[in-house]
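Asker:
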Amino acid sequence: MVRHMLASAALMLGALAACTPGDGTTARAQVPAVAESSTPARHPVSGLEVIDLVVESGDRRIAFKVELAASPEAQAKGLMFRTELGDNEGMIFPSPAPEVRSFWMKNTPLSLDIIFIGPDGRIANVAANTVPYSLDSVRSSGLASAVLELRAGRAAELGIGPGDKVSW
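Take the sequence shown: its position 61, counted from the start at 1, is 202 in the numbering used here, and no numbers get skipped.
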């Protein structure tokens, strides 16, 4: 039924375009512009929205595509059970208000760099190369407005550390 309606609409549009009055030259069909999709990109495993994130380190801008763990449920699950994380991928955990943040590695087989971002948008501290499945708490050194997780060792590879600016 829907296919039939679409075909009929296309035929009518074609007929209307062919009947458009002109100045004696060959008439061209007016094709309406197709609006870009406003649907956000979603991660194929988590289903979370994927957003752009940039770390400014010195005069360098390091770009990442990160999953946005915005809900309490997404933040509780984080990267649990995940076995892969690309070089320029990660997950961001924004806080509704700056607070001391604490993370653990329960059910997380990947070693991660856990990067705590202060209220000023600058990295406060980095817990590098966390231990998979550990129940030990990894804490921010002060108030954090967000936490960024990258694959283990990535922060050191890229020279990312305290004082660098993070925006998303």
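For each residue, glycine too, the CB sits at the ideal point set by N, CA and C.
Can you tell me whether residue 253 is helix, strand or coil according to DSSP?
Answerer: Reduced to three states, the DSSP call for residue 253 is strand.
Asker: So residue 134 and residue 191 are supposed to be a Cβ contact under 8 Å. How far apart are they, rounded?
Answerer: Nothing in the structure corresponds to residue 134, since the chain is present only between 142 and 309.
Asker: Note down the Cα distance separating residue 248 from residue 199, rounded to an integer number of angstroms.
Answerer: Roughly 35 Å between the two C-alpha positions.
Asker: Taking the alpha-carbon positions, what's the residue 221 to residue 201 distance?
Answerer: If you take the alpha carbons of residue 221 and residue 201, they lie about 31 Å apart.
Asker: Any contact between the stretch 216-232 and the stretch 273-281? By contact I mean 3 or more CB pairs, one from each, below 8 Å.
Answerer: In short, these stretches do not touch, since the Cβ pair count stays below three.
Asker: Could you give the residue range of the alpha helix (DSSP H) that holds residue 297?
Answerer: Counting along the chain, the alpha helix (DSSP H) containing residue 297 begins and ends at 295-299.
Asker: Taking just the CA atoms, how far does residue 209 sit from residue 180?
Answerer: When rounded, the distance between both Cα atoms is 15 Å.
Asker: Count the other CB atoms, across all protein chains shown, that sit within 10 Å of the CB of residue 259; report buried if there are 16 or more and exposed otherwise.
Answerer: Buried, since its Cβ has 16 or more Cβ neighbours within 10 Å.
Asker: Tell me whether residue 215 sits in a helix, a strand or coil according to DSSP, three-state version.
Answerer: In this structure, residue 215 counts as helix in the three-state DSSP scheme.
Asker: Out of curiosity, what's the CA-to-CA distance linking residue 127 and residue 269?
Answerer: This structure leaves residue 127 out entirely; the chain is present only between 142 and 309.
Asker: Determine the DSSP secondary structure at residue 239, reduced to helix, strand or coil.
Answerer: In this structure, residue 239 counts as strand in the three-state DSSP scheme.
Asker: Terminal residues of the continuous beta strand (DSSP E) containing residue 266?
Answerer: Its beta strand (DSSP E) spans residues 264-268.
Asker: Identify every residue that forms a DSSP beta bridge with residue 198.
Answerer: According to DSSP, which records beta bridges pairwise, residue 198 is partnered with 201.
Asker: Please name the residue in 237, 278, 291, 184 whose C-alpha comes closest to that of residue 245.
Answerer: Nearest C-alpha to residue 245: 278.
Asker: Short of 6 Å in beta carbon distance, which residues of its chain neighbour residue 196, apart from the five on each side in sequence? Order them along the chain.
Answerer: Correct list, in chain order: 203, 301, 305, 307.
Asker: Looking only at C-alpha atoms, which of 219, 184, 280 sits nearest to residue 243?
Answerer: Nearest option by C-alpha distance: 280.
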